[in-house]
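Going by the numbering used here, the sequence shown wraps up at 467, each residue one higher than the last. Even for Gly, the Cβ is constructed at its ideal location relative to N, Cα and C.
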Amino acid sequence: MYQRGVAIANKSKDNFICIECGYESSVWRGQCPNCNSWNSFQSKKDILEKKDILDLENLTYVEEERLLFDLKDLNDIFGGGVVKGSVTLLSGEPGIGKSTLALQMADQIASKYQDVLYISSEESANQVASRAKRLKLNEKKIKIISCSDLKKILKALKNHNFSMIVIDSIQMLYDSEGNSTLGSLSQIKQCASKINLFSKESNIPFLLIGHINKEGSIAGPKFIEHLVDSVLFFQGDRSSAIRTLRSLKNRFGSTNELVIFEMKEEGLIKPKNLSQLILQNSDLSGTTFCITIEGSRPLLVQVESLVNQSFKTSPTRLSHGINFNHFMLIIAILEKHLSIKMYDKDIYLNITGGITTEDRGIDLAIAASLISSYYDIMIPKSTIFIGECSLSGEIRNVYQIEKRLNEAVKLGIENAFISSVEMNFKNINLYKIKNLKNLMDWIKKWKIQYSKEKIG
Numbered sequence: 012m013y014q015r016g017v018a019i020a021n022k023s024k025d026n027f028i029c030i031e032c033g034y035e036s037s038v039w040r041g042q043c044p045n046c047n048s049w050n051s052f053q054s055k056k057d058i059l060e061k062k063d064i065l066d067l068e069n070l071t072y073v074e075e076e077r078l079l080f081d082l083k084d085l086n087d088i089f090g091g092g093v094v095k096g097s098v099t100l101l102s103g104e105p106g107i108g109k110s111t112l113a114l115q116m117a118d119q120i121a122s123k124y125q126d127v128l129y130i131s132s133e134e135s136a137n138q139v140a141s142r143a144k145r146l147k148l149n150e151k152k153i154k155i156i157s158c159s160d161l162k163k164i165l166k167a168l169k170n171h172n173f174s175m176i177v178i179d180s181i182q183m184l185y186d187s188e189g190n191s192t193l194g195s196l197s198q199i200k201q202c203a204s205k206i207n208l209f210s211k212e213s214n215i216p217f218l219l220i221g222h223i224n225k226e227g228s229i230a231g232p233k234f235i236e237h238l239v240d241s242v243l244f245f246q247g248d249r250s251s252a253i254r255t256l257r258s259l260k261n262r263f264g265s266t267n268e269l270v271i272f273e274m275k276e277e278g279l280i281k282p283k284n285l286s287q288l289i290l291q292n293s294d295l296s297g298t299t300f301c302i303t304i305e306g307s308r309p310l311l312v313q314v315e316s317l318v319n320q321s322f323k324t325s326p327t328r329l330s331h332g333i334n335f336n337h338f339m340l341i342i343a344i345l346e347k348h349l350s351i352k353m354y355d356k357d358i359y360l361n362i363t364g365g366i367t368t369e370d371r372g373i374d375l376a377i378a379a380s381l382i383s384s385y386y387d388i389m390i391p392k393s394t395i396f397i398g399e400c401s402l403s404g405e406i407r408n409v410y411q412i413e414k415r416l417n418e419a420v421k422l423g424i425e426n427a428f429i430s431s432v433e434m435n436f437k438n439i440n441l442y443k444i445k446n447l448k449n450l451m452d453w454i455k456k457w458k459i460q461y462s463k464e465k466i467g
């Protein structure tokens, strides 16, 4: 007994240290016997030693191990592939195709590496299997568990080694060791914390599917977004086949990337000719086009607007695809500098295909679309507008204008309206406009041309 007591005493020796004078003690003390400081003792485990402070210049960067998808765009949105031991949150509206996307991602990883585990806490295993058959996936390398008890799941995972694990969904998991109810904030937080810890210890990447609330934000505590390594947002218009996947957070790469899919019966595929899908309706008033930069790639987008006389006390203002406040700002700029009366008009604006953009280079296209709809004037075909509208009504240059114009040339666009920046560009007709009044002059010319065509 004595020897055992000595061993315990030695094991616990000098576990606390005074942060004022460095005096060490085997037990915590209220007052330091050496310097008489009060409440100055801390555990050694909580104190950084000199050896823990490193020189940044002496450190060597070790590139993370990554798993690669077959689709390059998916690798780009993860910053070059899925990092081993990382946790990614995939969020989006119900029924938008999150489970379909997760299954296809799992299939691409399983085809190159070890088996992938799909944990379904909402659907039965048969439902998931039915979707996998419809998508024509390699079912042999995708294993499935239909369970929502996290304790049982983690216990089962210790005996297997998977290349990636998908959880559908994090909101439907519960930890039997917790006292809170299923779906509560504390349950989601506790489950996410344990998954993150397991992922780091096992070096297995996790893909967590999450829902969004009525306001369009990711459901659950904000803690989950801070805890995970990456947050991906999957969105699209249900009336359209176009779906977009964008990165909201990425500890291992850029958050500027965007992946565009087309939803078909066989699943999500990369559109072969997205531009033709967008350009198919271009001969209507209120319709304009712009080349935006989404992530590192240029993208053709279509802007359509409807300006109509309102008979209500408060006219309707509605926008899809751009920030509502910025939409209202462009309306105010047009009213101020072009003397267009829109206070008594219902105004609707839409970026087609369910695409959402924050690129200010689309301002000029929005302004042209609103003017076109207001006066019911058709914009000539094969014309794009690229520029930012300032509060003074001036048209400002936007970044990567050459990259946008190169994309326009590839698409066969003939005319481009840009700011009066000094540049030469072949294979496309450049029209440089200084302010919105210059834009209005061009629209008046089109009005005369459009009237002649109608008379003819």
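Going by C-alpha to C-alpha distance, which of Ser-393, Ile-454, Ala-419 sits closest to Glu-309?
Per the sequence presented here, residue 309 reads as Pro, with Glu not at that position. Of the candidates Ser-393, Ile-454, Ala-419, the one whose C-alpha sits nearest the C-alpha of Pro-309 is Ala-419.
8 Å Cβ shell around Asn-21 - same chain, five flanking residues per side excluded = Low local confidence applies: a pLDDT of 39 at Asn-21 is under 50, so the model's placement there is unreliable, with the coordinate-based value given in what follows. None.
- prompt: Does DSSP put Asp-84 in a helix, a strand or coil?
  reply: Of the three classes helix, strand and coil, the one that applies to Asp-84 here is helix, per DSSP.
Inter-residue Cα distance where the pair is Gln-182 and Gly-278: Approximately 24 Å, taken between the alpha carbons.
> Considering only residues of the same chain and omitting the five flanking positions on each side of Ser-384, which have a CB-CB separation below 7 Å?
Replying inline: Excluding its 5 nearest sequence neighbours in each direction, Ser-384 has C-beta neighbours in its own chain below 7 Å: Ser-296, Gly-297, Ser-316, Leu-317, Val-318, listed in chain order.
**Asked** Straight-line CA distance for Arg-15 to Lys-166?
**Response** Because the pLDDT at Arg-15 is just 39, under 50, the model does not fix this residue reliably, and the value given afterwards should be weighed accordingly. Roughly 34 Å separates the two Cα atoms.
| field | Secondary structure, alpha helix (DSSP H): runs of 4+ residues fully inside the region 276–363 | value | Entirely contained in the region 276–363, the alpha helix (DSSP H) runs reaching 4 residues are, in chain order, 285–290, 335–349.
- With 16 as the cutoff for other CB atoms within 10 Å, does Lys-356 come out buried or exposed? Burial state of Lys-356 is buried, judged by a 10 Å Cβ sphere holding 16 or more other Cβ atoms.
Val-432 and Ile-412 - do their beta-carbons sit closer together than 8 Å? Yes, the pair counts as a contact, with Cβ atoms nearer than the cut-off.
(message) Tell me which residues share the same chain as Ile-429 and place their Cβ nearer than 7 Å to its Cβ, disregarding the 5 neighbours each side in the sequence.
(response) Same-chain partners within the cutoff: Ile-397, Gly-398, Ile-412, Leu-441, Lys-443.
Worksheet item: Apart from the five residues on each side of it in sequence, which residues of its chain come closer than 7 Å, Cβ to Cβ, to Arg-470?
Response: An answer regarding residue 470 cannot be provided, because it is not within the stretch 12 to 467 covered by the chain.
With 16 other CB atoms within 10 Å as the buried threshold, where does Ile-58 fall?
So Ile-58 counts as exposed.
Problem set entry | Classification of Thr-192 by the beta-carbon crowding that lies within 10 angstroms, buried from 16 upward | Exposed.
By how many angstroms is the C-alpha of Leu-256 removed from the C-alpha of Asp-240?
Taking the straight line from one Cα to the other gives about 16 Å.
Have a look at Asn-417, Ile-176, Glu-76, Lys-421 and flag the residue whose alpha-carbon is nearest the alpha-carbon of Asn-435. For Asn-435, the nearest C-alpha among the options comes from Asn-417.
| task | Using 10 angstroms around the beta-carbon of Cys-29, count the other beta-carbons present and answer buried if the total reaches 16, otherwise exposed. | result | With 16 or more other Cβ atoms within 10 Å, it is buried.
Should Lys-152 and Val-177 be called a contact, given that it needs their Cβ atoms to be closer than 8 Å?
Contact flag unset, no.
Where does Met-434 sit, in a helix, a strand or coil, going by DSSP? The answer is coil: DSSP assigns Met-434 none of H, G, I, E or B.
- Query: On the three-pair Cβ rule with 8 Å, is the region 90–103 touching the region 260–279?
  - Reply: They touch, by the three-pair rule.
Practice problem: Would you mind sorting Asp-81 into buried or exposed? The rule is 16 or more other CB atoms within 10 Å of its CB. | Solution: Exposed is the call here.
Which value, in whole angstroms, describes the spacing of the CA atoms of Gln-89 and Glu-76? Checking the displayed sequence, the identity of residue 89 turns out to be Phe instead of Gln. In this structure, the CA atom of Phe-89 is about 12 Å from the CA atom of Glu-76.
Notebook entry, point to check: By how many angstroms is the C-alpha of Ala-378 removed from the C-alpha of Glu-104?
Noted result: Rounded to the nearest angstrom, the two C-alpha atoms are 30 Å apart.
Exercise. Can Phe-173 and Ile-215 be called in contact, C-beta distance under 8 Å?
Worked result: It is a contact, given that the beta carbons lie within the stated cut-off.
Query raised in the report: When DSSP builds the beta bridges, which residues end up paired with Lys-154?
Result: Its beta-bridge partners are Leu-128.
*So, helix, strand or coil for Ala-427, using DSSP?*
The DSSP-derived three-state label of Ala-427 is strand.
**Message:** Below 7 Å, is the gap between the Cβ of Pro-282 and the nearest heavy atom of the ligand PLP?
**Reply:** Inclusion of the ligand PLP in the displayed structure is not the case, the ligand content being empty and no account of it being possible.
Problem - DSSP bridge partner residues for Arg-415 (one or two, in chain order) - result: Note: Arg-415 is not bridge-paired with any residue in the DSSP secondary-structure output.
Review point. Rounded to a whole number of angstroms, what is the C-alpha to C-alpha distance between Asn-149 and Lys-163?
Key: Roughly 26 Å separates the two Cα atoms.
- Item | Residues of its chain near Ser-122, where Cβ-Cβ distance is below 8 Å and the 5 sequence neighbours each way are ignored | If the five residues before and after Ser-122 are omitted, its C-beta is found closer than 8 Å to the C-beta atoms of Asp-81, Asn-149, Lys-152, all from its own chain and listed in chain order.
- Task: Please go through the same chain and pick out, in chain order, the residues whose beta-carbon is closer than 6 Å to the beta-carbon of Asn-449, but skip the five residues on each side of it.
- Result: Nothing meets the Cβ criterion.
Note to self: Short of 8 Å in beta carbon distance, which residues of its chain neighbour Ile-333, apart from the five on each side in sequence? Order them along the chain.
What the structure shows: In chain order, Leu-360, Ile-362, Thr-367, Thr-368, Glu-369, Ile-373, Ile-377 place their CB closer than 8 Å to the CB of Ile-333, counting only its own chain and leaving out the 5 sequence neighbours on each side.
Query - Asp-160 - partner residues in DSSP beta bridges - result: DSSP lists Tyr-185 as the beta-bridge partner residues of Asp-160.
C-beta atoms of Phe-272 and Ile-107 nearer than 8 Å: It is not a contact, given that the beta carbons lie outside the stated cut-off.
Rounded straight-line distance, which links the Cα of His-222 to that of Ser-26:
It is Asn, not Ser, that sits at residue 26 in the sequence shown. Computed Cα separation, rounded: 46 Å.
What are the start and end residues of the alpha helix (DSSP H) that includes Ser-403? Membership of Ser-403 in any alpha helix (DSSP H) is not indicated, and neither H nor E is assigned to it by DSSP.
Review point. Cβ of Glu-346 within 8 Å of Cβ of Met-339?
Key: Taking 8 Å as the Cβ cut-off, Glu-346 and Met-339 do not qualify as a contacting pair.
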